[in-house]
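In the UniProt record's numbering, the protein residues as written are 1 to 362.
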C-alpha cells in the first residue's frame, strides 16, 4: 500500500472499530436488561431509550464545557430534536433523521486551543463518568433497576470510548478534534479563518468590517466555505445599500455552484438563502416587490432566518406607499434579528431598514 492510501485505510479501520464499540455497548445493554427481566423485547426498548439518553449526556458535556469557557452556543441537535439558541430562550423543532451535535462559536477573549480542547474532551468525559457511576450503582442494586443501570453504564462507556477514537466521517470525531487542538499553536492559521469570522460575527462585527484576508482564505477552502465568504460579501453590500453591486454578484454565485454538485449535499438551505437575498437586492434595485415571488424562501430558510419574510413585506409596503405598514414589518424584522445570538445580525438589519426607508417612492 502506497503512502497516499494508507491514511484512508486506517481511517476506515478505525471507523469500523468505532462502530463496533457503539453497537457492542447497545447489545450489552439489551442483553443485560432482557436477561434480568426475562423479556427480551423490554430489553430492546429500554436499550434504545438508554442509547438516546447516552447521546443527551454526551452533548451535555460539550454544552457545559462551552458555557464554562464563555463560548456562545448557536444550536444543539439531540437525535430528532433541534434546538436553536436565541437571546431570549430557545426555538425547537423535530427533524426526520437522527443526529447529535453542539454548534458553538469561539470566545474571542480566550485562547482557541484551551476552549476547543475542553469542548472536544468533555463530551466523551461525561459519558465515561456517567458510565462509571452507573456501573457502581448497578453492581450494588439488585433486580431490574440494577440491570438498567448496568445497561446505561455499557452504553455510556462505549460512547465515551468510541468518540475518543480519532476518525474522520461526515465530521471529525472528538478524538480527532482533540489531537488537532492538542497540536495547535497558531490561532491565525488560514484553516481557522471560518472560526475567526464566525466569532467576530457573533460578537457583533458586521460583514463590512470583517477582515478581508480571512474572507480570501475561505475562497480557497473546500465547500461550504466559499459560499460563506460570498454571503459575507453580499451582506456587506446590503449594509451599504448598494443594491446594484449586490445584484451584480448573482453570476458569481452560479460560478461557485457550477460543476460542484458533489460538494453540495446538505447545503441546499444555504443556496436557497443566498438566492432569496439576491432576489431581495434585485427587488430593491428595480423597485419591484413582485420580484420576490420567485425567491426560494422555504420553511428551512425561514427556520434559520425568520426575518427575511417580514423584511420583504416591509419592502412591498414601502413601495406601495404604505409607510405605517412598512414600519410595522420593520419592527418585526428588528425584533427577530435582535433575538439572534449572532449580534451582528441585529446591526445589519438596522442598516438595511434605513436603506429601505430611503428608497425612492418609500
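Cβ atoms here follow ideal geometry from the backbone N, Cα and C, with glycine treated the same way.
Under the three-state DSSP convention, the category residue i falls into
i: residue 108; result: coil
i: residue 305; result: coil
i: residue 246; result: helix
i: residue 222; result: coil
i: residue 260; result: coil
i: residue 185; result: coil
i: residue 114; result: helix
i: residue 128; result: helix
i: residue 295; result: coil
i: residue 267; result: coil
i: residue 206; result: coil
i: residue 251; result: helix
N- and C-terminal bounds of the alpha helix (DSSP H) containing residue i
i: residue 89; result: Here residue 89 belongs to no alpha helix (DSSP H); instead the beta strand (DSSP E) covers 89–94.
i: residue 154; result: 143–163
i: residue 43; result: 40–68
i: residue 13; result: 6–37
i: residue 312; result: 308–319
i: residue 200; result: 193–203
i: residue 97; result: Unbroken run through residue 97: none, as it is neither H nor E.
i: residue 241; result: Careful: residue 241 lies outside any alpha helix (DSSP H) and carries neither H nor E.
i: residue 329; result: 323–338
i: residue 346; result: 343–357
i: residue 217; result: 212–219
Paired residues, beta bridge with residue i - DSSP
i: residue 76; result: 83, 102
i: residue 168; result: 172
i: residue 290; result: Note: residue 290 sits in no beta bridge, so no partner.
Among the options, the one whose alpha carbon lies nearest that of residue i
i: residue 281; options: 260, 257, 250; result: 250
i: residue 327; options: 339, 350, 294; result: 350
i: residue 127; options: 355, 180, 53, 11; result: 53
i: residue 61; options: 35, 123, 23, 82; result: 123
i: residue 312; options: 277, 226, 107, 27; result: 277
i: residue 150; options: 254, 29, 67; result: 29
i: residue 168; options: 176, 162, 78; result: 176
i: residue 231; options: 154, 10, 347, 275; result: 275
i: residue 46; options: 87, 145, 58, 107; result: 145
i: residue 59; options: 95, 44, 82, 102; result: 102
i: residue 130; options: 56, 304, 100, 81; result: 56
i: residue 210; options: 235, 186, 7; result: 235
i: residue 337; options: 64, 345, 331; result: 345
i: residue 94; options: 79, 88, 39; result: 79
i: residue 300; options: 283, 267, 40; result: 267
i: residue 85; options: 360, 341, 352; result: 341
i: residue 357; options: 284, 307, 290; result: 284
i: residue 159; options: 27, 187, 182; result: 27
i: residue 165; options: 156, 154, 179, 153; result: 179
Short CB-CB distance (under 8 Å) between residue i and chain C
i: residue 291; result: Considering every chain present, this structure includes no chain C. It has just one protein chain.
Assess, as a yes-or-no matter, whether the stretch 105–125 is touched by the stretch 60–78 under the definition of 3 or more beta carbon pairs within less than 8 Å. yes
The stretch 257–264 touching the stretch 286–303, judged by at least three CB pairs closer than 8 Å: no
Whether or not the stretch 22–37 and the stretch 6–13 are in contact is what I'm after, with contact meaning three or more pairs of Cβ atoms, one per stretch, closer than 8 Å; do they touch? no
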